[in-house]
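Following: one structure in structure tokens, then a few remarks.
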Amino acid sequence: MVFTMQTALRKRIMERALLDKARIPATDADVWHLCQTDFDVLEESSRASVFALANGVLGVRGGLDELAGDHAAILSDAHIANPIHYHESFTGFATSSDMRFAAPSPVQIALEIDGKPFVPAGDAPLAFERKLGLVDGILHRTTSWRIDQDRILHLTVLRLVAPGAGAHCASQIGLRVTGGSADISLSFPLECQRVDPAAVDDPRFNRATPLRRISLDESGVEACFRAGDGAQAVDLAMVQAIDIDPAAGKLILNDGRATARFSLDDGAAGMVERHVHYAFGADGADRARELLQHNRTIGWGGLAEVAQAELARFWAGADIAISGDSGMERAIRLAMFHLYQSASRDNRHSIAAKGLTGEGYEGHYFWDTEVFVLPALAFLAPELAAPILRYRIGTLDNARRNARQMGHASGALFPWRTIGGDECSAHYPTGAAQYHINADIAYALNLYREATGDAHLVRDAAPMLFETARIWLEIGHFNARRGGAFTIHGVTGPDEYTGLVDNDYYTNAMAARHLAFAATLASEMEQEDPEHFRALAEELSLTPREVEQWRAASAAMWLPLDETLGIHPQDDSFLDKPVFPFAVLPRDRFPLLLHHHPLQLFRHQLCKQGDVVQAMHLAGEDVPLAAKRRDLAFYTPLTTHDSTLSATAFAIVSAETGQAAQALDYHHETAYVDLENRHGNTHHGLHMAAMAGSWLVLAMGWGGMRIVKGRLHFRPTCPDGWGSYSFRLRWRGALLEINVSADKTIYRLISGDLPLILDHGRKVVPSAAGTVLLRPVVDAVIFDLDGVLTDTAQAHFKAWKRLCDEEGLPFDEHFNENLKGIDRPASLALILEAAGVAADAATREEMMTRKNKYYREAIAHYGPDDLFPGARELLTDCLAAGLKIGLASASRNARDVVRALGIENLFDTITDAGTIKRGKPDPEIFLATAQELGCDPSRCVGVEDAAAGIAAIKGAGMRAIGVGSPHALAAADSVVSEIYALDVAVLTTALPPEERDQLKLEK
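Under the working numbering, the residue at position 618 of the sequence shown is numbered 618, and the numbers go up by one with no gaps.
Structural data, given as structure tokens:
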């Protein structure tokens, strides 16, 4: 008898995962191994995913050899196209779906003791340990089963799927009996015995493609299998070799089965080494036999040496460390290990959503490979990122054909889900309608280009980039009803709980980037190699006018900001819908897609995962922190996080906007999603995008890593509970290590040519010894505008004077001093009060509008020369010191002024009187600015020129620096006469002496 997992057990697994999250496997103190010592049959299938081995060609789940289960082999080439049957089919619908089939297990054994099938005496082993080595790639397991009242069977199993060995699995099985003697036989079947995963109504997992054995040799070491029929049939050969010590046992090869037999006395041991190889095609058996013999000649020791050497090379460029949280360190290392294992080494394949660890999503490739997995691999192992793009380049003709099927006269549209290159999604509202797949691939290409400098691949990818860019002009247009903005219609974004909308924010934002990149690359190619570009343009019928249309569409892309809420609407209709009350639902009603019709979800403000938040993450420096923080706050309560993709973007944007505790929660969610089976479907296979996301959060969230104008930028922070952390990455041939603690960041050049210039708010040249930047104890500086950075006071005075003259109200420069730092309504109130004049609300509003008109006329010709001397230098020095910078101005025109002055991009956030209810001297504007910056007010310094402003700063609990008269600004902690006298060092004079001594900043 062998153990099986029936549907009832599967359902119980789902219930436990949803109601009582499965525990993380017990771990030892070694962060380079994942070790489990508790055995639970209900969690065994999920743990088989976590302990899986793979080499980019073959994946073997980490189940127990002696127990039946779903631990079949996963092969990157093993897929067939099955027809999709619709009751009502329409033009352009997908006609077939690629489905990956599982090969017969290379590790399953049938165990007999004393001539009878082994039945353990008890539900669980007496002793159990399963250990996955992240350095050597070996799965090591020891298990002790009770045979009967006296005897115990001890098994030791080593398993290896070595890099470079192809579709080859090697294993060693050691067995020993104590408490008496026993006759033991191990059979190694080549058959399709496997248990289908749970027969639950889950669209994320379909029943396995039937596989049948079509031949088996008499010796039981060779068999052929077939999936599908006719022209679609795929043949798979499986060949094995069994080695034992003839002095300890006997190998019997007959009746179509290979069997090793041992007669063991009490305490005696036996050992078997098994090699299995797979190959496809009519000559598969011959090739499998040849390759099996090759690897068998290398032997276990040789294969193990290769695996350890390859992993050492990977870890040399990808290692991470976290002081103070060994569990998170191990989780991220495990994630990187699985990315390395499942990454394709073949340009004919990409990386499936579940990698090579399980059969979830039928082995399909989705957008998350380009947006999550490739960015991680581009920095960790660029040679593993390149095949992802090469695969897309190789299926460009499929994408062109798909575009025609979808009704587009030109261009290429990549399929939403696929293996072979054709669309496999039968539900177009949440599948084929996700046109952002084109922009996601363009994003991946651009990031890869920036990170590697691989001009050759980019040149090969140019036709793909240009052809996919054409689609945006097919589905969008310059909309006269939106002031000529470019709008995109009838698409679905990453949020699959909102479908078929106009102007999905993520889609529009990514399309704008795609179009701009395509236009830029076209210009670069034309300049660098005119002859090649001319031939390519002729081949594609690409004209200068079309390239200019790309630029125009990108610049005019509709990306609105809702003025009332201050957030980016997810699409044109999102804010008009009611909120879906998912917070009151019991946990067993999630994910919502399993319990609600899609239309019910579409009709609500509801997000499966980030759409706008995902766009905020990918936008990098292009969107101000304040906008990101508002979007994050708005969409957080509307997002179920039913997708495992969701937590990564939320973690990164939370860290970026200063919400460290929230960011850490999200980071745990993505890092532990499979270790703790948090979504209840780890038995389908591991979530590769979440695996990659755990590293992306470390580097881009906590490390603040961005690519800006071709240079790596960092703004690192260290969350509470971590003493320090470090990560390595590759950048254009160089290997870097970034080490971050609460008080400093060290940039170290491990290898590569100097000089390499990074950005940490200023230029940084990492050295082999390490370039150290100390973190300031001040997190942010918040500036007033008028009278501090520029002088618009005279423009204000002239505007008020003109208004007062028209109304017959007394007003002069002496009285104007009372208006410094005061907003427009309060200023008018003072003027009317001094004149003894009453005015109703409508009259006051008209007077303020008139004054603002005069003021805007006065500043219409402002430019960079109107900045006070030293202002720009101070702002850039603050950035260089790692400080965040905010603007808190009583002027409602502040943003227009700083834009005219050419300094808008130097501010992380801008707060003006239009966004608050109470003006200075109330502290609201400074508190609001600190909140937008994600900074504690006590760690901020405010700079003002008016007494009302100083009072507001002090009321916010900040330290205040005045610019102007010491007498008028006596409440300030420090006063300078002009802005040019203020530098980063002077900022420290507002600090207590003990903190001032800690702040060591270099200009």
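Where is the CB? At the ideal position from N, CA and C, for every residue including glycine.
Query	Result
Can you tell me where the alpha helix (DSSP H) holding Ser554 begins and where it ends?	544 to 555
Let's see if you can read the secondary structure: which residues bound the alpha helix (DSSP H) around Val898?	894 to 901
Pick from Cys804, Ala860, Tyr854, Lys851: whose alpha carbon is nearest that of Val837?	Cys804
Mapping DSSP to helix, strand and coil, what is Met271?	strand
List the whole-angstrom C-beta distance separating Tyr725 from Ala321, where the pair is believed to meet the contact cut-off of C-beta under 8 Å.	7 Å
Looking at the unbroken alpha helix (DSSP H) that takes in Gln405, where does it start and where does it end?	396 to 405
Of the residues Ile822, Asp823, Leu828, which one's Cα is nearest the Cα of Phe811?	Leu828
Less than 8 Å between the CB atoms is what I'm expecting for Leu540 and Glu467, so what's the real figure, rounded?	7 Å
Buried or exposed for Leu987, please, with buried defined as at least 16 other CB atoms from any protein chain shown within 10 angstroms of its CB.	buried
By a C-beta neighbour count over all protein chains shown, 10 Å radius and 16 as the cutoff for buried, is Leu867 buried or exposed?	buried
Roughly how many angstroms lie between the CA atoms of Ser646 and Leu664, to the nearest whole one?	14 Å
Short check: CB of Ala795 to CB of Thr717, under 8 Å?	no
Let me know if Val765 comes out buried or exposed under the rule of 16 or more other beta-carbons within 10 Å of its beta-carbon.	exposed
Shortest alpha-carbon distance to Leu253 belongs to which of Ala237, Val306, Ser171, Ser219?	Ser219
Rounded C-beta distance between Asp183 and Ser263? I'm assuming under 8 Å.	5 Å
Between the Cα of Val740 and those of Gly407, Tyr435, Ile441, Val772, spot the shortest distance and give me the residue it belongs to.	Val772
Since Trp731 is in the alpha helix (DSSP H), which residue starts that stretch and which ends it?	Here Trp731 belongs to no alpha helix (DSSP H); instead the beta strand (DSSP E) covers 724 to 731.
With 16 as the cutoff for other CB atoms within 10 Å, does Phe90 come out buried or exposed?	exposed
For the structure I just gave you, are there three or more beta carbon pairs, one from the stretch 153 to 161 and one from the stretch 170 to 188, closer than 8 Å?	yes
What number of angstroms, rounded off, separates the C-alpha of Phe907 from the C-alpha of Arg630?	16 Å
Taking buried to mean at least 16 other C-beta atoms within 10 Å of its own C-beta, is Ala279 buried or exposed?	buried
What do you reckon, are the CB atoms on Phe379 and Ala399 nearer than 8 Å?	no
On the DSSP bridge assignment, give the partners of Phe478 in chain order.	Phe486
Report the three-state DSSP secondary structure of Glu737 (helix, strand or coil).	strand
Which same chain residues, not among the five before or five after Gln662, have their C-beta less than 7 Å away from its C-beta?	Ser654
Please report the distance separating the alpha-carbon of Pro25 from that of Leu774.	With a pLDDT of only 45 at Pro25, under the threshold of 50, the placement of this residue in the model should not be trusted, and no figure is reported.
So, for Ala985: in the same chain, excluding its five sequence neighbours on each side, which residues have a beta-carbon less than 6 Å away from its beta-carbon?	none
Please name the residue or residues paired with Glu944 in a DSSP beta bridge.	Gly962
Helix, strand or coil for Asp622? Go by DSSP, reduced to three states.	helix
What does a CB cutoff of less than 6 Å around Asp983 pick up in its chain, not counting 5 residues either side in sequence?	none
As a quick exercise: from Ser323, Ala316, Asp325, Ser350, pick the residue whose alpha carbon is nearest that of Phe337.	Ala316
Would you give the residue range spanned by the alpha helix (DSSP H) that Asn508 belongs to?	505 to 528
Compute the Euclidean distance between the alpha carbons of Ala22 and Asp588, then round it to the nearest angstrom.	Note on Ala22: pLDDT 41, under 50, position unreliable in the model; the coordinate value appears next. Using only the alpha carbons, I get a separation of about 15 Å.
Taking the C-alpha atoms as reference points, what is the distance between Arg392 and Gly870?	51 Å
Considering Cα atoms alone, identify which of Ala260, Val777, Leu389, Asp245 is closest to Ile113.	Ala260
Have a look at the DSSP bridge pairing and note the partners of Lys744.	Leu774
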